[in-house]
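Engineer: Residue numbers (this note's numbering), protein chains in the order written: chain A, 4 to 311; chain B, 760 to 1083; chain C, 19 to 351. No residue lacks a Cβ here, since even glycine has one placed at the ideal position from N, Cα and C.
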Amino acid sequence: MTIATAGPSSPRQLAWARRRRSAARFSRQLLSDRAGVAGLAVLVFFVVVALAAPLLVSASELSATAGRGNPDLAPPSAEFPLGTDEIGRSVLAQLIWGARISLFIGVVATLVAVVIGSTVGVTAGFVGGRTERLLMAVDDWFLVIPFLPLAIVLAAVLGSSATTLAVVIGVTSWAGSGRLLRAQVLSVKERLFIERSRALGASGWHIVTRHVLPHTAPLILANAILTVPGAILAESTLAFLGFGDRLQPSWGKMLEGALSSGALTVGAWWYYWPPGLCIVAVVLAFTVVGRALERILDPRLVDRPMSR
Amino acid sequence: MTGSAVLSVRDLHVTYHGSSGAVPAVRGVSLDVHEGETVGVAGESGCGKSTVAMALLRLLPAGTRTDGEILLDGEDVLAMRAGRLRAVRWAGASIVFQGAQHALNPVQRIGDQITEALRVHNIKGTKAGSLLELVGLPTRRADAYPHELSGGQKQRVMIAMALACDPRLLIADEPTTALDVMVQAQVLALLERIQSERGLATIFITHDLSVLSYVADRLVVMYAGRVAEEGPAAAVLDDPQHPYTRALAGAFPTIGDSASRFAPAGLPGDPPDPAAVPPGCAFHPRCPVVIDACPLTDVELRPVGDGDRRAACLLVPTVAGTLS
Amino acid sequence: MNGADPLLDLAGVEVHFPPRQRGGSVAKAVDGVDLQVRRGEVLALVGESGCGKTTLARAVLGLQPVTAGEIRFGGRPVDRTRAGLRALRRQAQLVFQDPTGSLNPRQTIYEIVAEGPRIHRLPDEQLLVTDALARCGLRPPERFVLRYPHELSGGQRQRVVIAGAMVMSPELLVADEPVSSLDASVRGEILRLLLELVHTQDVTVLVVTHDLGLAWNIADRIAVMYLGRIVEVGPAAEILEAPQHPYTRALLSVVPEAHRMDQEILIGEAPDPTRIPRGCRFNPRCPMLRSGRAEELGVASACQADDVALQPTDHDRAVACHAVHAAASPAAS
Chain A
4 MTIATAGPSS PRQLAWARRR RSAARFSRQL LSDRAGVAGL AVLVFFVVVA
54 LAAPLLVSAS ELSATAGRGN PDLAPPSAEF PLGTDEIGRS VLAQLIWGAR
104 ISLFIGVVAT LVAVVIGSTV GVTAGFVGGR TERLLMAVDD WFLVIPFLPL
154 AIVLAAVLGS SATTLAVVIG VTSWAGSGRL LRAQVLSVKE RLFIERSRAL
204 GASGWHIVTR HVLPHTAPLI LANAILTVPG AILAESTLAF LGFGDRLQPS
254 WGKMLEGALS SGALTVGAWW YYWPPGLCIV AVVLAFTVVG RALERILDPR
304 LVDRPMSR
Chain B
760 MTGSAVLSVR DLHVTYHGSS GAVPAVRGVS LDVHEGETVG VAGESGCGKS
810 TVAMALLRLL PAGTRTDGEI LLDGEDVLAM RAGRLRAVRW AGASIVFQGA
860 QHALNPVQRI GDQITEALRV HNIKGTKAGS LLELVGLPTR RADAYPHELS
910 GGQKQRVMIA MALACDPRLL IADEPTTALD VMVQAQVLAL LERIQSERGL
960 ATIFITHDLS VLSYVADRLV VMYAGRVAEE GPAAAVLDDP QHPYTRALAG
1010 AFPTIGDSAS RFAPAGLPGD PPDPAAVPPG CAFHPRCPVV IDACPLTDVE
1060 LRPVGDGDRR AACLLVPTVA GTLS
Chain C
19 MNGADPLLDL AGVEVHFPPR QRGGSVAKAV DGVDLQVRRG EVLALVGESG
69 CGKTTLARAV LGLQPVTAGE IRFGGRPVDR TRAGLRALRR QAQLVFQDPT
119 GSLNPRQTIY EIVAEGPRIH RLPDEQLLVT DALARCGLRP PERFVLRYPH
169 ELSGGQRQRV VIAGAMVMSP ELLVADEPVS SLDASVRGEI LRLLLELVHT
219 QDVTVLVVTH DLGLAWNIAD RIAVMYLGRI VEVGPAAEIL EAPQHPYTRA
269 LLSVVPEAHR MDQEILIGEA PDPTRIPRGC RFNPRCPMLR SGRAEELGVA
319 SACQADDVAL QPTDHDRAVA CHAVHAAASP AAS
């Protein structure tokens, strides 16, 4: 390691310089992971498409009346690159706008799940005792109850806007992260530097924010990325079962449309293959990127003493 | 010397190949161990002492380059086929490690583990119970699981297993480091007794020179992959010739010696990184008596006094005619 | 006795741990310790693992609640409320055995050393940190502040741990096996640093160790601990050169550094704090009892039946042994 040769700046500034350098090292490592880069490219593509949807296709093409005058279930043509659905609307337009909903719900649901899971996991692991037993009992309960019935009931009670759906999915899928983080916190808590901090007079809050969270953050990040595909699949499942947002297209809802309109039986492949493939691609991409992050950030690997 | 050399190592070089390039861990070590003799190998972390131990039975990770000659009863270990090597690993020479306590299977009774070792090597007539007795454990402890034993008892079991095939050479790599002083004394006494009863040749590797003052007949002090000094243990400890040996001996003060009272002895700097060994005499950056020639001269072991002792230091007067 | 007001005064301190399983017995790790640490001295607390020395050190720092007894620091009983402990932890610092584990691998040396000043909101943090690093031999400090622990050697890491303690200008430094994980040639340098700090920074050191050579190197006084009790205490040189308690003698005889003694290897393992023997707690392993020496002195039955307390023998020395007491005053028995 070279020592920073910058002029007489404060240790804090120099520490930031070091952090920048380690961020650079991190991105270098990520970029050298071939699977990770491929996944990242797919994700960037879908995010760009989702963000640019209003520029690519007018929202009016999605309304129930937009297909009037168009052929129903028409195969791909110059005008409709992915054909039309049972009421003559462009499948491509729905696919592009569907990316927005799928990604939005995937990300928001993950945020909800990770915030709940981290809070519960870190609190349980750090505080211990009765609090831990209580929180882990709740965690177990969420871990074992069947996801679909609970989500369907919640969606039915709370309504089915995209945001509600995201919250419903998030609330029902945090339990795994909670367990994982508790285990990680338990092992960090045993480390000697926590004891050193306590001997210096540190409060619990100081120890959690300065030592425990920095040691669990990489795990939280990798875990979050790996939670997204589950959330996207959950959204597709709920939409496919008819509990999706009635007003907005999503990939799951397209599949439901394809099934109920008989597109599957008449072989209108352009209607059900694209949303299906998109779901698979996004889910795979998130998983691959998450695994790559895990490899780079896994504390068990990071904290390993210098290899010989 | 008593008997012939059981183990004879000539000019051993070991180089690891890691992600950061080649790391020469051992750079030309020669030593002999005779029947009934204990040779102590001392040195700090990274000096290559454990690498030597592993190299003796070819236990180093794949991709490690080992050169030189390791003769076990005249047979070159480095040239052996896999089958012969397996046989030699227990019957010819066996190893007791520091962390060996963790090498016991936690869900198998220790008696069964010893019996299994015997069966694998086709040894008949020896019973686990008699081996346990040999290491000072009651025969009924054969029914115990490892977690029911203390650290010292587990190390005794490991010694029993190492002795199961009646080897000629015992390699003890920091066998007492994790143990308490009193238990360490018990294990050392046990090793000494077994060795004298069986005429075992022993290599005893440790960072703790004071332990070697107990058990070793001869002493080999290693620094940065080479031998810095060797000779009869008592002579080397009482009158070290190499400044490194002197510092190492000073690190374990003699209680009652007023010179070391309130005067802990140590060396500035840190043990060298095997990946970046200083040029010339590797010890020169930390040496209290360094001279101008030290960084420039790759100093070889040279005889001290009557020739039974050797030290690799420019300040050791050369005996006329022994150096070309 | 000299040292009118000890910096640290322990009276009847007990630390008991509840049984791990239902039906198990209480582990009496520390079981009635009386001990004074005088200002400006180095006191070595020695004993085998499991004798309770580390638990006692943690109790002194308030890291371990005490079951009974009193700990006075600077003449006042330690206040075990949150604020009281916080105040104690400005004045008493801990140095660990394993420097690698006690440094957060994700923090720079600066952040590590600055942790204490930040917790206690001390002014001039940057000055304090560079000064502490320099005092602990990490010179120039600028070379080290931005490094991470894994970029330093073992000896340097231990210096960082000591700097992280000295940055608070503590009155008491509790060092738990400060050199046992270091290389032999580095060990002396760290011990020298501790001695230097005692002489120049007015810090008092309680060093917990199993290593009698270390005690010979740096300690003014020694307290020998066995199964939760202090069995012998006194000036280091006197104890090491003429131990009185049979346990101290046995311990010393197996230390390779003292090879002029005949070895007296005690049988059995380190004793179990869940099963403290009746009478003198050392009696099942006592060589004096075994050899019949205790019988000659007429104390053999007392050894097995009566608990024994520390009693002064010579000037400034005290021993807890029936046989020693009987030999000192034959008329009393």
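If we ignore side chains and look at the alpha-carbon of each, how far apart do B/Pro1023 and C/Ala260 end up?
Structural biologist: Cα to Cα, B/Pro1023 sits roughly 21 Å from C/Ala260.
Engineer: Could you check what DSSP says for B/Thr774 in three-state terms: helix, strand or coil?
Structural biologist: Strand, per DSSP.
Engineer: Within 10 angstroms of the Cβ of B/Thr1013, are there 16 or more other Cβ atoms? Answer buried if so, exposed if not.
Structural biologist: Per the 10 Å Cβ criterion, buried.
Engineer: A/Val141 to A/Val115, Cα distance in whole Å?
Structural biologist: Taking the straight line joining both Cα atoms gives about 16 Å.
Engineer: By Cβ distance, which residues of its chain are closer than 8 Å to B/Phe856, with the 5 residues on each side in sequence left out?
Structural biologist: Closer than 8 Å at Cβ, skipping near neighbours: Ala862, Met917, Asp932, Glu933, Pro934.
Engineer: Check whether chain C comes within 8 Å of B/Gln945, counting only Cβ atoms and requiring the distance to be less than that.
Structural biologist: Yes, because at least one Cβ of chain C sits closer than 8 Å to the Cβ of B/Gln945.
Engineer: Can the beta-carbon of C/Leu258 be found less than 8 Å from the beta-carbon of C/Pro289?
Structural biologist: Cβ distance not < 8 Å, so C/Leu258 and C/Pro289 don't count as in contact.
Engineer: In whole angstroms, give me the CA-to-CA distance for C/Glu282 and C/Leu151.
Structural biologist: Distance between the alpha carbons of C/Glu282 and C/Leu151 is about 44 Å.
Engineer: Contact between the region 978-997 of chain B and the region 946-961 of chain B: three or more CB pairs below 8 Å?
Structural biologist: Not touching, per the Cβ criterion.
Engineer: Can you list, in chain order, the residues of its chain with a C-beta nearer than 6 Å to that of C/Tyr265? Leave out the 5 residues immediately preceding and following it.
Structural biologist: Excluding residues within five positions, the ones whose Cβ falls inside 6 Å are Tyr244, Val249, Phe300.
Engineer: What are the residues that DSSP puts in a beta bridge with C/His34?
Structural biologist: Its beta-bridge partners are C/Lys46.
Engineer: Could you check what DSSP says for B/Phe963 in three-state terms: helix, strand or coil?
Structural biologist: Strand, per DSSP.
Engineer: Give the range of the beta strand (DSSP E) segment to which A/Arg294 is assigned.
Structural biologist: Looking at the DSSP string, A/Arg294 is not in any beta strand (DSSP E); the run it does join, the alpha helix (DSSP H), is 272-300.
Engineer: Counting only runs of 3+ residues fully inside the region 84-155 of chain C, write out the beta strand (DSSP E) ranges in chain order.
Structural biologist: For the region 84-155 of chain C, whole beta strand (DSSP E) runs of length 3 or above, ordered along the chain, are 86-91, 110-113.
Engineer: Sort B/Asp871, B/Gln872, B/Leu816, B/Val1048 by Cα distance to B/Ala846 and report the nearest one.
Structural biologist: Out of B/Asp871, B/Gln872, B/Leu816, B/Val1048, B/Leu816 has the C-alpha closest to the C-alpha of B/Ala846.
Engineer: Just checking: is the beta-carbon of C/Leu28 within a distance shorter than 8 Å of some beta-carbon in chain A?
Structural biologist: No - not a single Cβ of chain A is within 8 Å of the one on C/Leu28.
Engineer: How many Å lie between A/Gln187 and A/Trp177 at the Cα?
Structural biologist: Rounded to whole angstroms, A/Gln187 to A/Trp177 spans 16 Å at the Cα level.
Engineer: Any chance the CB of B/Ala937 is under 7 Å from a heavy atom of the ligand MN?
Structural biologist: No copy of the ligand MN occurs in the structure displayed, which carries no ligand at all.
Engineer: Rounded to whole angstroms, what is the Cα-Cα separation between C/Val60 and B/Ala944?
Structural biologist: Going from the Cα of C/Val60 to the Cα of B/Ala944 covers about 27 Å.
Engineer: Measuring alpha carbon to alpha carbon, tell me which residue in C/Cys154, C/Glu207, C/Ala62, C/Leu140 is nearest C/Leu108.
Structural biologist: Reading off the sequence, residue 108 of chain C comes out as Arg, not Leu. If we check each option's Cα against that of C/Arg108, C/Leu140 comes out closest.
Engineer: Got a sec: which bits of the region 221-250 of chain A sit with their beta carbon under 7 Å from any beta carbon on chain C, in order along the chain?
Structural biologist: Those residues of the region 221-250 of chain A that come within reach of chain C (Cβ to Cβ, closer than 7 Å) do not exist; the list is empty.
Engineer: If we ignore side chains and look at the alpha-carbon of each, how far apart do A/Gly245 and A/Ser264 end up?
Structural biologist: Looking at the two C-alpha atoms, the distance is approximately 13 Å.
Engineer: Could you tell me whether the Cβ of C/Gln54 comes closer than 8 Å to any Cβ of chain B?
Structural biologist: So, not an interface residue.
Engineer: Could you check what DSSP says for A/Met4 in three-state terms: helix, strand or coil?
Structural biologist: The pLDDT assigned to A/Met4 is 41, lower than 50, so where the model puts this residue is not dependable; a value taken from the coordinates is nonetheless given after this. Looking at A/Met4 - three-state DSSP - the assignment turns out to be coil, as it is neither helix nor strand.
Engineer: Between which two residues does the beta strand (DSSP E) harbouring B/Ile854 extend?
Structural biologist: Element bounds for B/Ile854: 852-855.
Engineer: Within the continuous alpha helix (DSSP H) that includes C/His228, where are the two ends?
Structural biologist: No alpha helix (DSSP H) holds C/His228; DSSP gives it neither H nor E.
Engineer: B/Glu794 by DSSP, collapsed to three states: which one?
Structural biologist: B/Glu794 falls in the coil class under three-state DSSP.
Engineer: At the 8 Å Cβ level, is A/Arg194 part of the contact set with chain C, yes or no?
Structural biologist: With 8 Å as the cut-off, A/Arg194 counts as an interface residue toward chain C.
Engineer: Would C/Gly102 and C/Ala29 qualify as a contact pair, given that the criterion is a beta-carbon distance under 8 Å?
Structural biologist: Not in contact: C/Gly102 and C/Ala29 (Cβ atoms no closer than 8 Å).
Engineer: Spell out whether any CB of chain A is found under 8 Å from the CB atom of C/Gly119.
Structural biologist: Chain A, which has a Cβ nearer than 8 Å to the Cβ of C/Gly119, makes this yes.
Engineer: Starting from C/Thr73, trace the alpha helix (DSSP H) both ways and give me its first and last residue.
Structural biologist: Segment 71-78, the alpha helix (DSSP H) holding C/Thr73.
Engineer: Below 8 Å on the Cβ atoms is my guess for B/Leu1007 versus B/Val995; work out the distance and round it to an integer in Å.
Structural biologist: In fact, because the Cβ distance is near 10 Å, the residues do not count as touching under 8 Å.
Engineer: In chain order, which continuous runs of the alpha helix (DSSP H) of length 4 or greater are located wholly inside the region 95-158 of chain A?
Structural biologist: If we require 4 residues or more, the alpha helix (DSSP H) runs fully inside the region 95-158 of chain A come out as 132-147.
Engineer: Whole-angstrom Cβ separation of B/Arg915 and B/Leu947, contact assumed at under 8 Å?
Structural biologist: That pair is no contact at about 12 Å.
Engineer: Please list, in chain order, the chain A residues whose beta carbon lies closer than 8 Å to that of C/Leu270.
Structural biologist: Chain A residues near C/Leu270: none, gap ~30 Å exceeds 8 Å.
Engineer: Candidates C/His217, C/Ser120, C/Pro95, C/Val55: which alpha carbon is nearest C/Leu224's?
Structural biologist: The shortest Cα separation from C/Leu224 among C/His217, C/Ser120, C/Pro95, C/Val55 belongs to C/Val55.
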